[in-house]
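When we follow our numbering, the leftmost residue of the sequence shown carries the number 52, and every step to the right adds one. Ideal Cβ placement from N, Cα and C applies to all residues, glycine included.
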Amino acid sequence: MSDKPQQTKKTKKRRDSDAGIRLFLTILIALIALVMIVQVVYTLRHNTSDPATREGVYMEKTPTETDAVPTETTETVTEATEPTEPTEPVDPVREAAQRKLESMTLEEKVYQLFFVTNQELTGVYYSGTAGDETRAALASRPVGGIVFDRNNIFDAEQLRTMIENTQTYSAIPLFIGIEEEGGIEAYSYLRTIGVTGRYSEMGVYGEDYARGESINRVYEIGSEIGTALTGIGFNIDLAPVADTLVNANNPELGAAGGRRAFSADPEITAELVKQMVTGLHDSGCMACLKYFPTLSAANSDSRYATAVSNLTLDEIRGLLLPFIRGIENGADVVMVSHLCLPSIVGESRPADLCSQIVNDLLREELGYDGVVMTDSFEKGAISYNNNYGDGVAALAAIQAGCDVIYMPEDLETSAQAIISAVNNEIITEERIDESVLRILMLKYANGLME
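This is the structure:
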């Protein structure tokens, strides 16, 4: 038997086996290649920043926030701004006074406008104590200030206790004042009880200064008087006289009146007024310049009758240096006289009832925005004048620009006249507020109110 067919069969099996291997290898290589292609495609897809490419869709590319899009070069232009107005610093005194003002009734405001005698407030004359009458009076008529005079002054301890008690009864601390000028006894009440020293008439110190003597003595007098007053409980001296002496024989300020004015020379008067105001202030006492714009130009006595002068406005301006100097040195109050100046006002009307004197001359021309006080309404220029009852004069003074009515003869009539004028729209409550704000500011500024 021959071996040939067996060899052929084996050969065929071998060929079939080789073909299977090749097919397997081909498939394997194809799979490997496919895996590699998929990997490449995957890598390309995920490394591109174009979302359209990742999705396999061709889209026209649009800029995005992250794309660098070329832009035109522009210059940064800073717009010019208007300079801002500097803000005014906060005034704590004004703010405190304004807050207090806003809490007050009309009646409380109006009574603050009055600086009265103790006897007019309480109805009790020659009283040296402050008790239930004072407490009740201040509760119903809360005045701005009280002036003490010989009706209330008996000895130092009595006066000190009376003032202390009076202050405790007042919801709003009071101006407590006195006319302590030095010089003649009528205006040096406290020297009679040994509180202040004895001083020459103020005209003497004007003459001394004119001869070249030291001005310091007037400063010392102001300081001594102020120290004595504050030690008793007073907080304001209704002094000094800042009137340049026009008429040497004037019955109130000239030789017949005790030479209460320093000098007929405005320069000398101005220097001595400055010294007196500074001395009072250095002792902690407020000062009041009187009698604006003048009182000494009259031949008659305003305490008993109408006082008139025909001085012109220019002539009056020549007398004002002492007031200007006193205001520059911080005088707290200016008292306006009852002198009639028909050449300026056009009628015989007391200066403290005239807006031409108070508003035009004192406030506008001299620039004074402090407290303005009338002269005493107990004087004959007001009380003996048939044209002016207390209510009429009080309202006229407020309309003229005054803030404080000094020594009204009838407090209740005066206050009610102003209240009625507000209620009947003759004057506005805002006008009352202007004056009360000045009064409260002065009290805060000097430590009467905290």
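Can you give me the C-alpha to C-alpha distance between residue i and residue j, rounded to a whole angstrom?
i, j, result
"residue 375", "residue 403", "18 Å"
"residue 213", "residue 275", "22 Å"
"residue 326", "residue 338", "11 Å"
"residue 456", "residue 202", "20 Å"
"residue 434", "residue 160", "24 Å"
"residue 411", "residue 244", "42 Å"
"residue 225", "residue 143", "20 Å"
"residue 279", "residue 199", "15 Å"
"residue 397", "residue 351", "19 Å"
"residue 297", "residue 355", "20 Å"
"residue 413", "residue 419", "6 Å"
"residue 180", "residue 370", "42 Å"
"residue 281", "residue 451", "32 Å"
"residue 189", "residue 220", "7 Å"
"residue 448", "residue 164", "11 Å"
"residue 422", "residue 254", "27 Å"
"residue 439", "residue 267", "43 Å"
"residue 377", "residue 183", "40 Å"
"residue 140", "residue 146", "11 Å"
Which residue marks the beginning of the alpha helix (DSSP H) containing residue i, and which one marks its end?
i, result
"residue 492", "480-496"
"residue 378", "372-379"
"residue 151", "143-153"
"residue 210", "207-220"
"residue 441", "441-451"
"residue 393", "393-396"
"residue 177", "It is not in any alpha helix (DSSP H) - residue 177 carries neither H nor E in the DSSP assignment."
"residue 269", "267-283"
"residue 431", "431-434"
Cα-Cα, which of the options is closest to residue i?
i, options, result
"residue 381", "166, 459, 331 and 184", "331"
"residue 319", "263, 354 and 424", "263"
"residue 486", "143, 148 and 83", "148"
"residue 427", "158, 211 and 441", "441"
"residue 546", "222, 158 and 187", "Summary: the structure shown does not reach residue 546, with the chain confined to residues 52 through 501, and so no result is reported for it."
"residue 156", "254, 185 and 483", "483"
"residue 158", "333, 469, 501 and 499", "469"
"residue 395", "372, 421, 415 and 361", "361"
"residue 321", "439, 379, 422 and 415", "379"
"residue 353", "344, 430, 364 and 363", "430"
"residue 230", "292, 499, 267 and 195", "292"
Determine the contact status of residue i and residue j, defining contact as a CB-CB distance below 8 Å.
i, j, result
"residue 405", "residue 359", "no"
"residue 473", "residue 480", "yes"
"residue 301", "residue 349", "yes"
"residue 387", "residue 367", "no"
"residue 478", "residue 454", "no"
"residue 459", "residue 167", "yes"
"residue 284", "residue 192", "no"
"residue 228", "residue 287", "yes"
"residue 197", "residue 172", "yes"
"residue 258", "residue 235", "no"
"residue 305", "residue 347", "yes"
"residue 502", "residue 250", "With the chain represented from 52 up to 501, any question about residue 502 goes unanswered, as that position is not in the structure."
"residue 373", "residue 317", "yes"
"residue 237", "residue 314", "no"
"residue 170", "residue 162", "no"
"residue 503", "residue 357", "The structure shown does not extend to residue 503, since the chain is modelled only from 52 through 501, so no value can be given for it."
In this structure, how does DSSP classify residue i when only helix, strand and coil are distinguished?
i, result
"residue 344", "coil"
"residue 259", "helix"
"residue 226", "strand"
"residue 324", "helix"
"residue 294", "coil"
"residue 355", "coil"
"residue 119", "Low confidence applies to residue 119: its pLDDT is 44, below 50, so where it sits in the model is not reliable, and the reading given next is rough at best. In this structure, residue 119 counts as coil in the three-state DSSP scheme."
"residue 162", "helix"
"residue 477", "coil"
"residue 253", "helix"
"residue 235", "coil"
"residue 361", "coil"
"residue 246", "coil"
"residue 500", "coil"
"residue 367", "helix"
"residue 181", "coil"
"residue 459", "coil"
"residue 403", "helix"
"residue 333", "helix"
"residue 288", "strand"
"residue 338", "strand"
If you follow the beta strand (DSSP E) that residue i is in, where does it begin and where does it stop?
i, result
"residue 168", "165-168"
"residue 197", "196-198"
"residue 425", "422-425"
"residue 387", "384-387"
Please tell me whether residue i has its Cβ less than 8 Å away from any Cβ of chain D.
i, result
"residue 462", "Checking the listed chains, one finds no chain D in this structure; it contains a single protein chain."
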